[in-house]
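Student:
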Amino acid sequence: MAASKYLTGDPSAIDAFLDKFDTFLIDCDGVLWSGDHVFDGIPETIKLLQSKGKRTVFVTNNSTKSRKEYFAKLSSKGIPCQVEDIFGSSYSAAIYISRILKLEPPRNKVFVLGEAGIEAELESEGIPYIGGTDPAYRKLGMEPADFAGIADGSSLDPDVGVVLAGLDFHVNYYKLAHAHGYLRGNHIKDAKNAKNGGKAVFLATNIDSTLPMYHSFFPGAGSASIVALSNMTGDQPLALGKPSQAMMDAVEGKFHLDRTRTCMIGDRLNTDIQFGVEGHLGGTLAVLTGVNKKEDWERTDAPAVPAYYVDGLADLRGASN
Numbered sequence: 001m002a003a004s005k006y007l008t009g010d011p012s013a014i015d016a017f018l019d020k021f022d023t024f025l026i027d028c029d030g031v032l033w034s035g036d037h038v039f040d041g042i043p044e045t046i047k048l049l050q051s052k053g054k055r056t057v058f059v060t061n062n063s064t065k066s067r068k069e070y071f072a073k074l075s076s077k078g079i080p081c082q083v084e085d086i087f088g089s090s091y092s093a094a095i096y097i098s099r100i101l102k103l104e105p106p107r108n109k110v111f112v113l114g115e116a117g118i119e120a121e122l123e124s125e126g127i128p129y130i131g132g133t134d135p136a137y138r139k140l141g142m143e144p145a146d147f148a149g150i151a152d153g154s155s156l157d158p159d160v161g162v163v164l165a166g167l168d169f170h171v172n173y174y175k176l177a178h179a180h181g182y183l184r185g186n187h188i189k190d191a192k193n194a195k196n197g198g199k200a201v202f203l204a205t206n207i208d209s210t211l212p213m214y215h216s217f218f219p220g221a222g223s224a225s226i227v228a229l230s231n232m233t234g235d236q237p238l239a240l241g242k243p244s245q246a247m248m249d250a251v252e253g254k255f256h257l258d259r260t261r262t263c264m265i266g267d268r269l270n271t272d273i274q275f276g277v278e279g280h281l282g283g284t285l286a287v288l289t290g291v292n293k294k295e296d297w298e299r300t301d302a303p304a305v306p307a308y309y310v311d312g313l314a315d316l317r318g319a320s321n
């Protein structure tokens with residue numbers, strides 16, 4: 001396997017790199033910013049790429065914000081984009097549920113473990129849901145009646161066909177117990193004769209173990225609600241964020257991109273870089289402002305190895321104009 005090419009401080013190499021691609025798929029957390037802090041030179045770098053005729057698509061696994069919310073954040077930070085240039089894991093999951101699963105009503109409702117970003121994207125596709133940010137599910141503790149209602153299904157919604165889990169800042173035992181009940185099929189009276197034993201389909205927006213925030217790391221979707229449900233059920237969800245190739249197919253279909261002329265830019269090997277490698281893109285670029293460092297992809301068990309790397313995305317401004 002060829003060694004990753006270091007581009008920082010090498011204008012001719014950066015020019016050659018940029019000439020290879022028409023489209024750049026760009027991760028956000030750890031690449032553009034950490035929390036609310038935008039890394040130096042990011043707006044200017046995106047403007048530079050666009051001035052060279054490159055399409056910039058922001059592909060994020062963060063499910064807590066909708067595309068409109070990401071557009072507002074990008075715009076407020078001086079990063080030029082359009083809503084249609086944003087493709088998040090919540091949107092990817094909504095597209096999958098509405099256009100691939102195509103569940104028949106009435107059992108087409110989604111139980112959400114997650115934030116408002118998921119709800120907004122489900123609404124954009126006309127998908128009914130419960131859970132999520134509903135205050136009724138932010139209850140602390142369990143009463144005997146709660147256990148009984150989930151066990152016999154009397155307090156569960158019989159129309160739920162999917163459990164969609166993402167990053168949930170208000171995850172609690174009460175929510176997890178409801179999600180587990182749906183995944184067991186407790187809400188279906190004749191579960192033995194129902195498809196898949198009446199069990200709801202288990203989906204995840206993404207399985208990131210950590211979330212880069214405020215120059216540090218916090219629990220991600222994959223280390224909170226999703227791992228808990230997986231341990232309870234013994235099953236892994238179908239993840240609709242990076243590195244899922246279901247997401248890559250959706251991105252390709254939406255933007256009509258040429259994979260050989262497309263580069264994935266990210267900070268995490270097992271999501272961003274693996275997404276690009278498994279998607280047979282023309283290249284991948286790792287930035288060292290987020291999760292993974294050079295020594296991580298030099299390990300023999302590295303999940304993926306980037307074709308190129310830079311200290312930070314703004315180093316691409318080293319290209320000649």
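Residues in the sequence shown are numbered consecutively from 1, following full-length UniProt numbering.
C-beta atoms are modelled at their ideal positions from N, C-alpha and C, and glycine is treated no differently.
Every value quoted in this text rests on a predicted model; they were computed, and no experiment measured them.
Could you check whether residue 45 and residue 314 sit closer than 8 angstroms to each other, using their CB atoms as the reference points?
Tutor: For residue 314 and residue 45, yes; Cβs fall inside 8 angstroms.
Student: What residues are listed by DSSP as bridge partners for residue 201?
Tutor: DSSP output for residue 201 lists 162 as bridge partner(s).
Student: From which residue to which residue does the alpha helix (DSSP H) around residue 232 run?
Tutor: Per DSSP, residue 232 belongs to the alpha helix (DSSP H) from 225 to 233.
Student: Run through the DSSP bridge pairs and tell me what residue 219 is partnered with.
Tutor: Looking at the DSSP assignment, residue 219 forms a beta bridge with 210.
Student: Spatial neighbours of residue 137 within its chain, please: C-beta separation below 6 angstroms, excluding the five flanking residues on both sides.
Tutor: So the list reads 131 and 175, once near-sequence residues are dropped.
Student: Sorted by chain position, which residues of the same chain lie with C-beta nearer than 7 angstroms to residue 236's C-beta, five sequence neighbours on each side aside?
Tutor: 230.
Student: The alpha helix (DSSP H) with residue 117 in it runs from where to where?
Tutor: Per DSSP, residue 117 belongs to the alpha helix (DSSP H) from 116 to 124.
Student: Can you give me the start and stop residues for the alpha helix (DSSP H) that residue 83 sits inside?
Tutor: Taken as a continuous stretch (DSSP letters only), residue 83 belongs to no alpha helix (DSSP H), as it is neither H nor E.
Student: Tell me the DSSP bridge mates of residue 51?
Tutor: Answer is none; residue 51 lacks a bridge partner.
Student: Using only alpha-carbon positions, find the residue among 244, 71, 20 and 147 that is nearest to residue 54.
Tutor: When only C-alpha atoms are compared, the closest one is 20.
Student: So for residue 178, helix, strand or coil by DSSP?
Tutor: The answer is helix: DSSP assigns residue 178 an H, G or I state.
Student: Residue range of the beta strand (DSSP E) that residue 309 falls in?
Tutor: It spans 308 to 310 - the beta strand (DSSP E) in which residue 309 sits, taken as one unbroken run.
Student: On a Cα-Cα basis, can you pick out the residue from 68, 142, 123 and 117 that is closest to residue 165?
Tutor: Answer by Cα proximity: 117.
Student: Quick one: complete beta strand (DSSP E) runs, 3+ long, within the segment 274 to 299?
Tutor: With a minimum length of 3 residues, the continuous beta strand (DSSP E) runs that stay inside the segment 274 to 299 are 283 to 287.
Student: What is the DSSP secondary structure of residue 39, reduced to helix, strand or coil?
Tutor: Here residue 39 sits in coil by DSSP.
Student: Quick one: Cα of residue 120 to Cα of residue 12, how far?
Tutor: Whole-angstrom Cα-Cα distance: 44 angstroms.
Student: For residue 75, which option in 160, 43 and 278 has the closest C-alpha, if you only look at C-alpha atoms?
Tutor: Out of 160, 43 and 278, 43 has the C-alpha closest to the C-alpha of residue 75.
Student: Around the Cβ of residue 260, are there at least 16 other Cβ atoms within 10 angstroms (buried) or fewer (exposed)?
Tutor: By the 10 Å Cβ count, residue 260 comes out exposed.
Student: Quick one: grab the DSSP three-state call for residue 326.
Tutor: A question about residue 326 goes unanswered here, because the residues of the chain that appear run from 1 up to 321.
Student: Quick one: grab the DSSP three-state call for residue 34.
Tutor: In this structure, residue 34 counts as strand in the three-state DSSP scheme.
Student: May I have the straight-line CA-CA distance separating residue 208 from residue 158, to the nearest angstrom?
Tutor: Their Cα atoms are separated by approximately 30 angstroms.
Student: Does residue 258 come out as helix, strand or coil in the three-state DSSP assignment?
Tutor: In the structure shown, residue 258 sits in coil (DSSP, three-state: anything other than H, G, I, E or B).
Student: Report the rounded CA-to-CA distance for residue 149 versus residue 156, giving the unit in angstroms.
Tutor: C-alpha separation (whole angstroms): 7 angstroms.
Student: Taking the beta strand (DSSP E) that residue 25 belongs to, which residues open and close that run?
Tutor: 23 to 26 is the extent of the beta strand (DSSP E) around residue 25.
Student: Can you list, in chain order, the residues of its chain with a C-beta nearer than 7 angstroms to that of residue 40? Leave out the 5 residues immediately preceding and following it.
Tutor: Here the set comprises 314.
Student: According to the neighbour-count rule (16 or more other Cβ atoms, all chains shown, within 10 Å of its Cβ), is residue 247 buried or exposed?
Tutor: With 16 or more other Cβ atoms within 10 Å, it is buried.
Student: Return the first residue and the last residue of the alpha helix (DSSP H) that residue 73 is part of.
Tutor: 67 to 76 is the extent of the alpha helix (DSSP H) around residue 73.
Student: Who are the near neighbours of residue 190 in its chain, counting only those whose CB is closer than 8 angstroms to its CB and skipping five residues on each side?
Tutor: Here the set comprises 198.
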